[in-house]
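For reference, the structure discussed in these notes is given below.
There are 2 protein chains.
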Amino acid sequence: MEKGKVIPVCDVEIIDEKKVEAAREKIENIDQVLGMADIFKLLGEPTRLKIILALENSELCVCDLAATIDSTVSAVSHQLRLLRNARLVKYRKAGKLVYYSVEDEHIDKIIEQVKEHIEE
Amino acid sequence: MEKGKVIPVCDVEIIDEKKVEAAREKIENIDQVLGMADIFKLLGEPTRLKIILALENSELCVCDLAATIDSTVSAVSHQLRLLRNARLVKYRKAGKLVYYSVEDEHIDKIIEQVKEHIEE
DNA sequence: AGAACATTTGAACACTTGCGCAAATGTTCT
DNA sequence: AGAACATTTGCGCAAGTGTTCAAATGTTCT
Numbered sequence: 002m003e004k005g006k007v008i009p010v011c012d013v014e015i016i017d018e019k020k021v022e023a024a025r026e027k028i029e030n031i032d033q034v035l036g037m038a039d040i041f042k043l044l045g046e047p048t049r050l051k052i053i054l055a056l057e058n059s060e061l062c063v064c065d066l067a068a069t070i071d072s073t074v075s076a077v078s079h080q081l082r083l084l085r086n087a088r089l090v091k092y093r094k095a096g097k098l099v100y101y102s103v104e105d106e107h108i109d110k111i112i113e114q115v116k117e118h119i120e121e
Numbered sequence: 002m003e004k005g006k007v008i009p010v011c012d013v014e015i016i017d018e019k020k021v022e023a024a025r026e027k028i029e030n031i032d033q034v035l036g037m038a039d040i041f042k043l044l045g046e047p048t049r050l051k052i053i054l055a056l057e058n059s060e061l062c063v064c065d066l067a068a069t070i071d072s073t074v075s076a077v078s079h080q081l082r083l084l085r086n087a088r089l090v091k092y093r094k095a096g097k098l099v100y101y102s103v104e105d106e107h108i109d110k111i112i113e114q115v116k117e118h119i120e121e
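Protein chains in written order, with the numbering used here: chain A, 2 to 121; chain B, 2 to 121.
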């Protein structure tokens with residue numbers, strides 16, 4: 002780079018118009034893309050992922066959940082709210098206790114797939 | 002809540018020891034859990050997810066990638082670095098251009114699974 | 001009603017992170 | 001060598017986020 006010239010950055014120019022058009026179809030449904038990102042983001046945080054994993058087999062109350070993943074009740078509760086809002090977990094009240102479990106079996110498949118990816 | 006009493010929070014006490022022990026096995030391999038979270042986190046950001054989706058069918062150069070997802074070359078390049086480091090995408094140089102493509106077919110399966118989850 | 005306790009929640013804080021900008025790098029031309 | 005251009009990268013910042021602490025809520029007892 003020399004002189005005070007304007008540095009053009011490939012921004013408007015498109016190299017291969019056809020491929021761009023084809024690829025655009027993959028992300029044209031923006032709501033779907035953002036929805037997927039939301040799910041991934043929720044699973045992409047260690048505390049939340051641990052919660053989901055811990056609940057894979059059986060329901061647990063918040064207290065035991067915190068003990069299981071070695072966190073605090075407060076931290077777990079905060080994250081459970083996000084998982085609840087996204088319908089990734091469901092809950093059932095039993096007196097003072099609240100038992101959480103995974104809402105959807107898809108989640109297990111997704112996790113299994115990623116586990117395979119890791120272990121290759 | 003009354004008086005200046007200490008507020009005990011269920012922290013040491015465990016309600017159901019057996020279930021906690023069982024659930025702990027699911028997250029005992031902490032490296033695996035963190036590795037999975039890393040993958041999810043990468044896919045959990047709209048720009049990065051769009052990149053992966055755009056590359057699903059065919060490779061694209063950085064310039065076209067930016068045009069496809071309607072972002073800037075700089076932003077795309079920054080995110081590509083993360084995806085490269087995690088081996089989610091691979092690249093091939095062709096003169097001034099660098100063509101990126103998805104590294105692993107597992108990713109497509111994972112995305113397909115999440116897509117199904119969204120659409121239910 | 002009041003004590004005890006599991007859970008939730010709001011605020012504050014430290015920390016992370018995606019992106020814009022400018023400069024650097026690498027390649028292909030003349 | 002130098003121009004042109006695609007891509008990468010370091011820096012800085014605004015926005016986002018996870019955790020802690022304290023207080024509130026809800027439930028089950030006596």
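The C-beta atom is built at its ideal place from N, Cα and C for all residues, glycine as well. A quick note: this is a predicted structure, and the numbers were derived from the prediction, not measured.
With contacts defined as CB atoms closer than 9 Å, residue 68/B and residue 66/A fail to qualify as a contacting pair. 105, 107, 108, 110, 111, 112, 114, 115, 116, 117, 118, 119, 120, 121: these are the residues of the region 104-121 of chain B whose beta carbon lies less than 8 Å from some beta carbon of chain A, given in chain order. Inter-residue distance for residue 52/A and residue 111/B is about 20 Å (C-alpha atoms, whole angstroms). Proximity of the region 32-40 of chain B to the region 26-35 of chain A falls short of the contact definition, fewer than three beta-carbon pairs being nearer than 8 Å. Straight across, the Cα-Cα distance linking residue 50/B with residue 118/B is about 16 Å.
Counting the other Cβ atoms within 10 Å of the Cβ of residue 76/B gives fewer than 16, which makes it exposed. Not a single C-beta of chain B is nearer than 9 Å to the C-beta of residue 86/A.
Beyond the five residues adjoining it in sequence on each side, residue 83/A comes within less than 8 Å, by CB distance, of 43, 49 in the same chain, given in chain order. Per DSSP, residue 93/A lies in no alpha helix (DSSP H) segment; the continuous beta strand (DSSP E) that holds it begins and ends at 90-95. Going by beta carbons, residue 115/A and residue 103/A fall outside the 9 Å limit. Close to residue 25/B, with beta-carbon spacing below 7 Å, are these residues of chain A in chain order: 69. With respect to the 9 Å criterion, residue 56/B and residue 101/B are classified as neighbours on the basis of their beta carbons. One alpha carbon belongs to residue 18/B, the other to residue 106/A, and they sit about 25 Å apart. In the DSSP annotation of this structure, the continuous segment of the beta strand (DSSP E) that includes residue 98/A starts and ends at 98-103. Residue 34/A reaches chain B at 47, 50, 51, 54, counting residues in chain order whose Cβ is nearer than 9 Å.
Chain-ordered listing is empty here: chain A has no CB closer than 7 Å to the CB of residue 29/B, the nearest sitting near 10 Å. Taking a Cβ-Cβ cut-off of 7 Å, the neighbours of residue 20/A in chain B comprise 59, 61, 65, given in sequence order. At a C-beta separation below 8 Å, residue 38/A has these neighbours in chain B: 44, 45, 46, 47, 50. The Cβ of residue 98/A sits closer than 9 Å to at least one Cβ of chain B. Counting other Cβ atoms within 10 Å of its Cβ, residue 94/A stays below 16 and is therefore classed as exposed. Within its own chain, the residues whose Cβ lies closer than 7 Å to the Cβ of residue 28/A, once the five positions on either side in sequence are excluded, are 34, listed in chain order.
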